[in-house]
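Presented below is the structure to which this report refers.
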Amino acid sequence: MNLKSITPYLILVFVFLTISCSSDSSNEVTVDPKAANNKSLGTAARDFLSAESFTGLHVEIAYVNGFKPSATTINNLKDFFNARLNKPDGITITETVVPATTVGSLSREEYVKIEKDNRTIFNAGDELAVWIFFADQNSESDEGNSRILGTAYLNTSCIIFEKTLKEFSNRIGGANLTLLESITTQHEFGHLFGLVNLGTAMVTPHEDEQPDDAGVDKLNKHCNQEDCLMYFQTVGNAVGGVMNSLPTFDEFCLADLQANGGK
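Here it is in structure tokens:
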């Protein structure tokens, strides 16, 4: 997770048998209206959290038909924003239906192109815009027993692999889909908010820098507190039936958010 600034930050769930451009003479400058939404992950952290530059948030929820998140998931996300972001002008939600993908599992280049082809909401005036795509395919990075459930990859962009969430939920004894959607989505927004140590400085060191007991790299940029939303295995615990309610930010992540303009 720390190879490059544009490297996506991923949720890895480990499932075991035991769940563990033109020039002219006028010299006019053309400003790309999309440029502010095409920066590296974590650079918009304070824009999300504070009201210094943006007093409102416009969320574009994109999905393929059949992969729309539940109304409860969307309401949970609104509550999550209202609890943590200083946006006195409120939160606006726009839904965008994206054509079904036909390429099979999605690579980073493919879901970035989907955003480029379909995103309609960008920063405007004092309103910050964010894109979240609920995909009808799995991640190309799935390997063995590991599954990618969500990725925050640019400063105002993330993807949720809804197909994968549905597959987990549809198993016998599988976790509630809305719970999986809500935890995964809120975890990825935590990264967009600059957690952990990803644009929002740590008040107290709490970044998990150690592999787990099996030597698996947690990709860092996660919290070392097991009861925190930003712990690397939080969604895995929900998938495994270990968690039945929405986790929250622990005291360390909350302190970081508040110090960077959030609530």
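Just remember that our numbering sits 192 ahead of the position in the sequence shown, which is counted from 1. All C-beta atoms, glycine included, are put in the ideal place defined by N, C-alpha and C.
Contact between Phe353 and Gly366 is absent: CB atoms are separated by about 15 Å, not below the 8 Å threshold. The Cβ atoms of Gly391 and Ala237 sit closer than 7 Å to each other. His250: member of the beta strand (DSSP E) spanning Gly248 to Val256, first to last residue. C-alpha of Arg363 to C-alpha of Leu438: approximately 20 Å in a straight line.
Residue pairing for Glu399: DSSP places it in a beta bridge opposite Cys415.
Under DSSP, Glu287 forms a beta bridge with Ile253.
Going by beta carbons, Gly234 and Lys279 fall outside the 7 Å limit. Close CB contacts of Glu307 within its chain, under the 7 Å cut and outside five residues either way in sequence, are with Trp323, Phe325 and Ser349 (chain order).
Burial is judged here by how many other beta carbons sit within 10 angstroms of a residue's own beta carbon; Asp328 has at least 16 and is buried. A distance below 7 Å separates the beta carbons of Phe272 and Gln378. Here Ser374 carries a helix assignment [DSSP, helix/strand/coil]. Proximity to Glu252 across Ser232, Phe314 and Glu301 peaks at Phe314, based on C-alpha coordinates. Going by C-alpha positions, Gly386 is about 19 Å away from Glu319. DSSP links Cys350 through a beta bridge to Ile324 and Ala344. Residue nearest to Thr396 within the set Gln417, Glu380, Val289 and Ser299 is Gln417 (criterion: CA-CA distance). Using a Cβ distance threshold of 7 Å, Arg276 and Lys455 count as a contacting pair. The Cβ atoms of Leu421 and Phe441 sit closer than 7 Å to each other.
For Glu335, the three-state secondary structure derived from DSSP is strand. Ala254 is a Cβ neighbour of Val290, given a cutoff of 7 Å. By the 16-neighbour rule on beta-carbons within 10 angstroms, Gly428 is buried.
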